[in-house]
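Everything below concerns the one structure shown next.
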């Protein structure tokens, strides 16, 4: 198997500072998705203080993700990894960093909305999008773990990511139709923030799908 691939990820990570840092960055990026879903659920159930705690935790994780990304890139410039391996790893790290940025922007929207009255039907749609995004990120994480070990498993999991991303797209369109349904009785500024939330969440799902494409190429190259 070619050395430029992400071979035996979880065996090699213990021997490499670069891979250890990369693993931490990956896990933190996945954590932000989980924290967003928990914040949305808490907000939808009226537990605003709890939602705020999840958002604060997400923001702290996002800062750590940025720091880890810089550390990984610094290590990659001086480490012993083959050039193609470095490119593959940098591509994965960059995808996950973009996903975490979109998740952070979704969380900012939730924070702004917490002092407003949102129709339950819209909040329920937000919860569904958040839960589907958690599923998407979890499948992507499993695919990363399978790299260099089980290419067929990577293919299966990346197809699952794309299927879930399709569900999120459908939910995105249904949710936007709710803005039309409730638009006349809502503050236009609130509608704008609601729109921002679904846009950023849908973009995070798109990045999951893009990452799945990247992983599929790594698995077969």
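Numbering (my numbering), first residue to last: 4 to 224.
No residue lacks a Cβ here, since even glycine has one placed at the ideal position from N, Cα and C.
None of these values were measured; they are calculated from a predicted model.
Contact set for residue 134: own chain, Cβ-Cβ below 7 Å, skip 5 residues either direction: 40
Same chain only: Cβ atoms within 8 Å of residue 45, ignoring 5 sequence neighbours per side: If we look at residue 45 and ignore the five residues flanking it on each side, its Cβ neighbours are 51, 53, 54 and 57.
N-terminal and C-terminal residue of the alpha helix (DSSP H) that residue 228 is part of: Any question about residue 228 goes unanswered here, given that the chain covers just 4 to 224.
Residue from 215, 175 and 67 whose Cα sits closest to the Cα of residue 144: 215
Beta-carbon spacing of residue 107, residue 168 below 7 Å: no
Counted within 10 angstroms of its Cβ, other Cβ atoms place residue 20 as buried (16 or more) or exposed: exposed
Buried or exposed by the 16-neighbour rule on C-beta atoms within 10 Å, applied to residue 176: exposed
Straight-line Cα distance separating residue 74 from residue 14: At residue 14 the pLDDT is 46, less than 50, meaning the model places this residue with poor confidence; the figure from the coordinates comes in the next sentence. Going by the C-alpha atoms only, they are around 21 Å apart.
DSSP three-state assignment for residue 24, whether helix, strand or coil: Helix.
Three-state secondary structure (DSSP) of residue 150: coil
Residue from 95, 102, 29 and 113 with nearest C-alpha to residue 59: Among 95, 102, 29 and 113, the Cα nearest to that of residue 59 belongs to 113.
Cβ contact check for the region 193 to 209 and the region 98 to 106: 3 or more pairs under 8 Å: yes
The alpha helix (DSSP H) enclosing residue 53, as first and last residue numbers: For residue 53, the enclosing alpha helix (DSSP H) covers residues 51 to 81.
Residue 121 in three-state terms, based on DSSP: In the structure shown, residue 121 sits in coil (DSSP, three-state: anything other than H, G, I, E or B).
Proximal residues to residue 31 (C-beta, below 6 Å), its chain only, five neighbours per side dropped: The beta carbon of residue 31 sits closer than 6 Å to those of 64, 67 and 68, all from its chain and outside the five residues before and after it, given in chain order.
Rounded separation between residue 48 and residue 120 - CA only: 12 Å
Spatial distance of residue 95 from residue 43 (CA atoms): 27 Å
Start-to-end residues for the alpha helix (DSSP H) that takes in residue 93: According to the DSSP assignment, residue 93 belongs to the alpha helix (DSSP H) that extends over 86 to 116.
Residue from 201, 24 and 111 with nearest C-alpha to residue 79: 24
Residue 140 beta carbon less than 7 Å from that of residue 210: no
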